[in-house]
Each structure stands twice: as C-alpha cells, then as structure tokens.
Amino acid sequence: MTKTVEKQAILQTSPIINSSTAQQSPVFGLVVGEHSGDTLGAGLMSSLISVYPNAKFIGIGGPKMQALGFESLFEMEELSVMGIFEVLGRLKRLFHVKDCLAAQFINNRPDVFIGIDAPDFNLRLERQLKKAGIKTVHYVSPSVWAWREKRIFTIEAATDMVLSLLPFEKDFYDKYEVPCTFVGHPLADDIPFHSDKREARQALNLPLDKKILALMPGSRGGELSRLTEPFLLSAVQLLAQDPQLHFVVPMISDKRTEQFSQLKEKIAPNLAVTIITNKTQQVMAASDCLLMASGTVTLEAALVKRPMVICYKFNAFTYHMFKGLVKLEWFSLPNLLTKKTLVPELLQGKVSVDNIVPLVKERLYQDQSSLEDEYMKIHLALKQNASQEAAKAVMDLMSK
Numbered sequence: 565m566t567k568t569v570e571k572q573a574i575l576q577t578s579p580i581i582n583s584s585t586a587q588q589s590p591v592f593g594l595v596v597g598e599h600s601g602d603t604l605g606a607g608l609m610s611s612l613i614s615v616y617p618n619a620k621f622i623g624i625g626g627p628k629m630q631a632l633g634f635e636s637l638f639e640m641e642e643l644s645v646m647g648i649f650e651v652l653g654r655l656k657r658l659f660h661v662k663d664c665l666a667a668q669f670i671n672n673r674p675d676v677f678i679g680i681d682a683p684d685f686n687l688r689l690e691r692q693l694k695k696a697g698i699k700t701v702h703y704v705s706p707s708v709w710a711w712r713e714k715r716i717f718t719i720e721a722a723t724d725m726v727l728s729l730l731p732f733e734k735d736f737y738d739k740y741e742v743p744c745t746f747v748g749h750p751l752a753d754d755i756p757f758h759s760d761k762r763e764a765r766q767a768l769n770l771p772l773d774k775k776i777l778a779l780m781p782g783s784r785g786g787e788l789s790r791l792t793e794p795f796l797l798s799a800v801q802l803l804a805q806d807p808q809l810h811f812v813v814p815m816i817s818d819k820r821t822e823q824f825s826q827l828k829e830k831i832a833p834n835l836a837v838t839i840i841t842n843k844t845q846q847v848m849a850a851s852d853c854l855l856m857a858s859g860t861v862t863l864e865a866a867l868v869k870r871p872m873v874i875c876y877k878f879n880a881f882t883y884h885m886f887k888g889l890v891k892l893e894w895f896s897l898p899n900l901l902t903k904k905t906l907v908p909e910l911l912q913g914k915v916s917v918d919n920i921v922p923l924v925k926e927r928l929y930q931d932q933s934s935l936e937d938e939y940m941k942i943h944l945a946l947k948q949n950a951s952q953e954a955a956k957a958v959m960d961l962m963s964k
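First residue of the sequence shown: 565, per our numbering; consecutive thereafter.
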C-alpha cells in the first residue's frame, strides 16, 4: 500500500460546520486511478471533512488522500493503465480489484460512492453499485463529447450525478438530460494568477540567466516510453544550436525517474538534464517553454501561463483502432477550452525531432506575451472553488 506522506494543505474555502453535521459520521467510497485524481480526491475530502469531521473515506486513493485519513484497499497504480494492450495485460487483475471493491461497498454500504476519473474502471463499478441501491457520483466527465458519444447512456445508467471540470461538458450532458454539475477545476483555484519565474528558479536552484526548457514526457509508463526518445533527441539538437540552453525534467515519482534515467542512458547519455521529483508546477513556473505530453498537466501549464508544445503518441495498434472514432479538431485542453489552436499539438507520427525543434525554438526565442491574455481567460472561467462546489453537489445528492 502506498506510504502515507506528510499531510498537505488543500487551499479551499470550507463550508461552516454546524452542530447537526459535526456529529454525523458518513462513509464515502472513493476510487481514483492516477495522480491527478488523487489531487481531486484530496480536495473533495478536505471540503467534506470540514462539514463532517468524523467522516470515513475508503476505496482506492493516492498519497494526498491517505494523508487526510483515507483508507486505500489497493494501490492507486493498479488502475493507471492506458491503451488496448496495456489494459488487456492487466484485465484479470482489474476485474479482481473491481469485484473486491463491489463486495466491500455492497456489504458495507457507503452513503455515496464517488468515482474520480478512470472511467473504464469506475463506470463499471458505479453501475454495479447503483443497481444495488447505492448513490453514485462520477467526478470528471469522460470525453464523450470527443468520441464514442453514445457512452452518455452508459454514464446515465451508472451514475446519479456527473461532476464536470470544464464548462462545455455540462452543455453536452444537458442535451441528453443527464444530471451534471459544473464545479470548475481545483487547479484554477490553487494556482495563482501570476507565477514568478525567478522565484521558482531560486527555489529549485536552477540558473537565473539561461533559457530553460522543461521536458515532460508523461506521468504514465507507456507515455514516457514513447515520448522520451523524441524529446531527448530534440533537446540534443536544440543544445547544439544554443549551448547555453538548460533542460529540466519534472517527474512525479521515483519509479518514473528511474524509468526516464534508464531510457536517457540509452538515448542521450551525454545530455545534461536536471531531474526534479514531485515539483512539477514549480518546474513549469521556472521554465521558459514546456515540451510536454498531453493530459491534465497541459491545463496546469496554461494556468501557470507558460508557452508549450504538446505531443502525444498512443500504442500504434490502439491508435489505428480508434483514430476514426475521434471527432475533434484538437486534443489538448488549452485548445479545446479556447476553441482554437492556441498552442501547437503533435500527434502520433507527427511527433518527430523535425517538427518539435522549430516549434520549441519559436516559443523559446520569440515574444509569447499575447498568450497570457488567453491563458487568463481560461483561468477565470475555471476558478469556481471546485472542491467546495463538488462537496456541495455530493451533499445535495446525499440529502435526496
């Protein structure tokens, strides 16, 4: 089981405790499958604890949730898989985990179950629990607006309420009359409107007088294995053109650091990089440009307000199976939220040194100040005190 880390402050305005709720001891079932879900879960827990100090939280959670008293029955990493081959290789284990959780929650009924992201796993579990009469919430909408639109009916069958992080998602659910509450995004609440670059560099002991490029090939093992090579080879070429360029690599765990280091030793053993663990947001603030994998971290980058180049590569078989089902012009959150190509995207075969290098150079050495106004619009739209709004929606459902 994941080791408990030092308790972290969740910066949310909390509801006022009154005497009737303070004496209650509700049980909340939660399941998260990756680090971004752990952050959302911890924020939600903090807001619920402020109303129900004696509440119990059980299921699958990460270190931030466990630091707030969460009882995790399995490692969060059990669910952190993507792509057909990755899932198939773990399918038997995933069904075992789901069945164990279903038995746990049906035999020891929580007041409400909240599945946070991980839709392929959580929606199956939620449907089973809902059939057993347990109230269910799905926190973070699956990308039904992007592909496999008919999944909306699966979601409707599995959940009593969807909590969405993005404003355009609620419009989609309203069209199908599926209960959905837009709560905003906790990252927009937690990240300041201005992130000081010099201050971040001093805190991380990074050079103050050099251009810094952050290399961010992903938080999942599969992502990292596919993007590390083009990222490192691009860095080698960029360094040849500017020997003063400094590279920093934020990693989310020692496991990913080890994986990256092993890949680097094979791909670019002589390239100097600074690897920093568990300080991704600070690294982004310290950087002039970010070369990064797609995902929630691209929204975080937009809120930190740094230029970026976004890349993604699926397992080749997975990509060929599903590319015809995707109906979006963009795949990254900054572009989806602004409905335009605010930041460059490279997908699958386009993720190459020849494409990456000129895009990064433009963002490193040309004025990018016009981006900040667009980033600020995103920040203002998503800053809704999300964890408290999510807690209110959960409590409203509990009262019905």
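Beta carbons: idealized from backbone N, C-alpha and C, even for Gly.
No experiment lies behind these values; they were computed from the predicted model shown.
Handout entry: residue 810 - DSSP class collapsed to helix/strand/coil
Key = strand
Problem - Nearest neighbour of residue 698, chosen from 715, 685, 683, 722 [CA to CA] - result: 722
Exercise for the section: Label residue 967 either buried or exposed according to how many other C-beta atoms from any shown protein chain fall within 10 Å of its C-beta, with 16 as the threshold for buried. Expected result: As displayed, the chain neither begins before 565 nor continues past 964, which places residue 967 out of reach and without an answer.
Practice task
Using only alpha-carbon positions, find the residue among 731, 657, 675 that is nearest to residue 903.
Solution key: 731
Exercise for the section: Enumerate, from N- to C-terminal direction, the unbroken beta strand (DSSP E) stretches of 3 or more residues contained entirely within the stretch 635 to 711. Expected result: 676 to 680, 700 to 703
Practice task
May I ask which residues mark the beginning and end of the beta strand (DSSP E) holding residue 623?
Solution key: 620 to 624
Handout entry: Buried versus exposed call for residue 929 [16 or more other C-beta atoms within 10 Å across all chains shown]
Key = exposed
Practice task
Compute the distance between the beta-carbons of residue 940 and residue 844, then report whether it is under 9 Å.
Solution key: no
Practice task
Report yes or no: do three or more beta-carbon pairs, one from the stretch 953 to 962 and one from the stretch 601 to 620, lie closer than 8 Å?
Solution key: yes
Problem - Cross-strand partners of residue 873 (DSSP beta bridge) - result: 855
Problem - Among 717, 659, 725, nearest to residue 960 - alpha-carbon criterion - result: 725
Handout entry: Proximal residues to residue 588 (C-beta, below 6 Å), its chain only, five neighbours per side dropped
Key = 616
Handout entry: Sufficient close CB pairs (3 or more, under 8 Å) joining the stretch 917 to 931 to the stretch 785 to 800
Key = yes
Practice task
Classify residue 757 as buried or exposed, calling it buried when 16 or more other Cβ atoms lie within 10 Å of its own Cβ.
Solution key: exposed
Problem - C-alpha gap between residue 829 and residue 621, whole angstroms - result: 42 Å
Problem - Of the listed residues 777, 834, 803, nearest to residue 812 (C-alpha basis) - result: 777
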